Amino acid sequence: MINSNDEQSTDTRHDTPQQVSIKRKLKSVAENILRHCPPAFRLASRLYHKMNNSYRTLSPGAPQAIRKSFQYLIQRDGEVTGDYYEFGLFRGYTFEQAWQHCQDLNLHDVRFHGFDSFSGLPTATGIDQTDGRFFKGQFACSLKEVEANLESKGVDLNQVNLIKGFYEDSLTPALREQYPFKHAAVVMLDCDYYSSTVTALDWMEPYIQPGTVLLFDDWYSYGESEELGQQKAYQEFLERHPQYLSEALWEFKNHGKAFVLKDASQP
Ligand SMILES: C[S@@+](CC[C@H](N)C(=O)[O-])C[C@H]1O[C@@H](n2cnc3c(N)ncnc32)[C@H](O)[C@@H]1O
Numbered sequence: 704m705i706n707s708n709d710e711q712s713t714d715t716r717h718d719t720p721q722q723v724s725i726k727r728k729l730k731s732v733a734e735n736i737l738r739h740c741p742p743a744f745r746l747a748s749r750l751y752h753k754m755n756n757s758y759r760t761l762s763p764g765a766p767q768a769i770r771k772s773f774q775y776l777i778q779r780d781g782e783v784t785g786d787y788y789e790f791g792l793f794r795g796y797t798f799e800q801a802w803q804h805c806q807d808l809n810l811h812d813v814r815f816h817g818f819d820s821f822s823g824l825p826t827a828t829g830i831d832q833t834d835g836r837f838f839k840g841q842f843a844c845s846l847k848e849v850e851a852n853l854e855s856k857g858v859d860l861n862q863v864n865l866i867k868g869f870y871e872d873s874l875t876p877a878l879r880e881q882y883p884f885k886h887a888a889v890v891m892l893d894c895d896y897y898s899s900t901v902t903a904l905d906w907m908e909p910y911i912q913p914g915t916v917l918l919f920d921d922w923y924s925y926g927e928s929e930e931l932g933q934q935k936a937y938q939e940f941l942e943r944h945p946q947y948l949s950e951a952l953w954e955f956k957n958h959g960k961a962f963v964l965k966d967a968s969q970p
């Protein structure tokens with residue numbers, strides 16, 4: 704049931720372990736070189752996604768991190784009563800894997816809410832322009848294509864709620880009235896930018912509660928810096944909401960980190 708390709712960011716199903724390892728090393732070396740030259744990085748990224756349009760995730764550790772989160776909740780509470788929320792779907796791979804893992808763990812009441820422009824990243828502004836790595840339209844994949852990907856993998860679309868739009872426009876108070884959003888069991892934040900993470904966390908606040916697991920797929924996207932990206936966005940969220948304490952759970956590939964929220968009044 705679970706895709707054995709979980710730990711792979713490229714479609715390497717037909718490769719030997721040695722070929723997989725070589726491909727990964729080459730990719731990582733190329734990325735490190737290209738990061739020092741943003742225009743070349745952007746060009747390479749465009750070409751890479753054009754040539755390699757296979758159905759895959761960019762975050763090899765994310766599917767297992769999602770499974771681990773649900774297992775953590777089952778172990779802690781004996782059940783899972785909340786929903787799964789994902790910000791940043793690209794082709795839908797991690798979202799689909801969340802669904803697969805929940806079926807496998809007999810969590811049939813979980814609903815799956817996915818938020819994306821379905822036309823890629825917005826233009827980088829403010830601190831999101833820092834290293835010039837991200838650009839407008841990067842990771843574009845249409846809603847139709849994502850739905851087709853999910854259906855082809857057997858996902859029951861009746862359990863799925865896909866919200867199209869740039870967060871700044873789509874994550875409104877009015878949206879709350881349109882769907883029966885439940886409190887969040889697991890939130891996957893895979894939207895690259897500081898600004899997108901701020902908007903996503905703010906909109907999620909009424910659905911977040913002590914016990915919610917937050918997965919930041921881009922936590923170390925800027926290394927250890929607390930002044931950029933998701934680290935800054937989460938730090939500011941916690942400062943705005945002192946009712947929560949945050950406990951680190953584990954890290955996952957490539958740049959991810961998991962946290963659980965605690966009630967600050969009950970240390
Ligand atoms: C790295 S991709 C997500 C990868 C995906 N989770 C996977 O399976 O590998 C980042 C996604 O975030 C979305 N995104 C980032 N900022 C956004 C914003 N402000 N509004 C809407 N979508 C946004 C992009 O469209 C893109 O699909």
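So the sequence shown is residues 704 to 970, counted in the working numbering. Heads up, the beta-carbon is just placed ideally off N, CA and C, and yes, glycines get one too. Predicted, not measured: the structure shown is a model, and the values here were computed from it.
> Which word fits Ile-769, buried or exposed, when buried means at least 16 other C-beta atoms lie within 10 angstroms of its C-beta?
Replying inline: Taking a 10 Å sphere around the C-beta of Ile-769, we find 16 or more other C-beta atoms and assign the residue as buried.
> DSSP puts Ser-949 in a beta bridge; with which residues?
Replying inline: DSSP, once it has assigned bridges, lists Leu-964 as partnering Ser-949.
>> Asp-920 and Ala-1034 - do their beta-carbons sit closer together than 8 Å?
In response: Because the chain in this structure spans residues 704 to 970, residue 1034 falls outside the shown range and cannot be described.
>> Within 10 Å of its beta-carbon, does Lys-960 have 16 or more other beta-carbons around it, so buried, or fewer, so exposed?
In response: Looking at its Cβ environment, which holds 16 or more other Cβ atoms inside 10 Å, Lys-960 is buried.
>> Just list the residues that DSSP pairs Lys-867 with in beta bridges.
In response: BP columns for Lys-867 point to Asp-819.
> From Thr-902 to Leu-874, what distance separates their C-alpha atoms?
Replying inline: One alpha carbon belongs to Thr-902, the other to Leu-874, and they sit about 8 Å apart.
> How would you write the range of the beta strand (DSSP E) that Asp-786 sits in, first residue to last?
Replying inline: Counting along the chain, Asp-786 sits inside the beta strand (DSSP E) bounded by residues 786-790.
> Secondary structure at Asn-706, three-state DSSP: helix, strand or coil?
Replying inline: Here Asn-706 scores only 37 on pLDDT, less than 50, and its place in the model should not be relied on; the value that follows carries that caveat. Taken through DSSP and simplified to helix, strand or coil, Asn-706 comes out as coil.
> Can you list, in chain order, the residues of its chain whose CB lies under 6 Å from that of Gln-912, leaving out five sequence neighbours each side?
Replying inline: In its chain, beyond the 5 residues on either side, His-886 have a beta carbon closer than 6 Å to the beta carbon of Gln-912.
> Quick one: what's Glu-954 bridged to in DSSP?
Replying inline: Answer by DSSP bridge pairing, in chain order: Lys-960.
> Between which two residues does the beta strand (DSSP E) containing Phe-919 stretch?
Replying inline: Under the DSSP assignment, Phe-919 falls in the beta strand (DSSP E) whose first and last residues are 916-919.
>> For Thr-797, count the other beta carbons within 10 Å of its own beta carbon; 16 or more makes it buried, fewer makes it exposed. Which is it?
In response: The residue is buried, with at least 16 neighbouring Cβ atoms inside 10 Å.
> For Ala-888, which of helix, strand or coil comes out of DSSP?
Replying inline: Ala-888 falls in the strand class under three-state DSSP.
> From Thr-713 to Arg-749, what does the alpha carbon distance come to, in whole angstroms?
Replying inline: Caution is warranted here: a pLDDT of 41 is assigned to Thr-713, below 50, making its placement in the model unreliable, and no coordinate value can be reported.
> Can you check whether the CB of Phe-818 is closer than 8 Å to the CB of Tyr-870?
Replying inline: Judged by their CB atoms, Tyr-870 and Phe-818 are nearer to each other than the 8 Å cut-off.
> Just to confirm, are His-958 and Trp-922 a CB contact at a threshold of 8 Å?
Replying inline: Yes, these two residues count as a Cβ contact at 8 Å.
> Which residue comes first and which comes last in the alpha helix (DSSP H) that contains Ile-769?
Replying inline: Element bounds for Ile-769: 765-780.
> DSSP on Tyr-897, reduced to helix/strand/coil?
Replying inline: Tyr-897 falls in the helix class under three-state DSSP.
>> Between Ser-899 and ligand 1, is there a pair consisting of the residue's CB and a ligand heavy atom that are separated by less than 7 Å?
In response: Ser-899 has its Cβ nearer than 7 Å to a heavy atom of ligand 1.
>> Below 8 Å on the Cβ atoms is my contact criterion, and I expect Asp-786 with His-816 to pass it. Report the Cβ-Cβ distance as a whole number of Å.
In response: Right, their Cβ atoms sit about 6 Å apart.
> By how many angstroms is the C-alpha of Asp-807 removed from the C-alpha of Lys-856?
Replying inline: Cα to Cα, Lys-856 sits roughly 14 Å from Asp-807.
>> Using the Cβ count rule (16 or more neighbours within 10 Å means buried), how would you classify Ser-1039?
In response: A query on residue 1039 cannot be resolved here, the shown segment of the chain reaching from 704 to 970 and no further.
> Cβ-heavy atom distance between Pro-913 and ligand 1 below 7 Å?
Replying inline: Result no, Cβ not under 7 Å from ligand 1.
>> Can you give me the C-alpha to C-alpha distance between Gly-823 and Leu-846, rounded to a whole angstrom?
In response: Roughly 11 Å separates the two Cα atoms.
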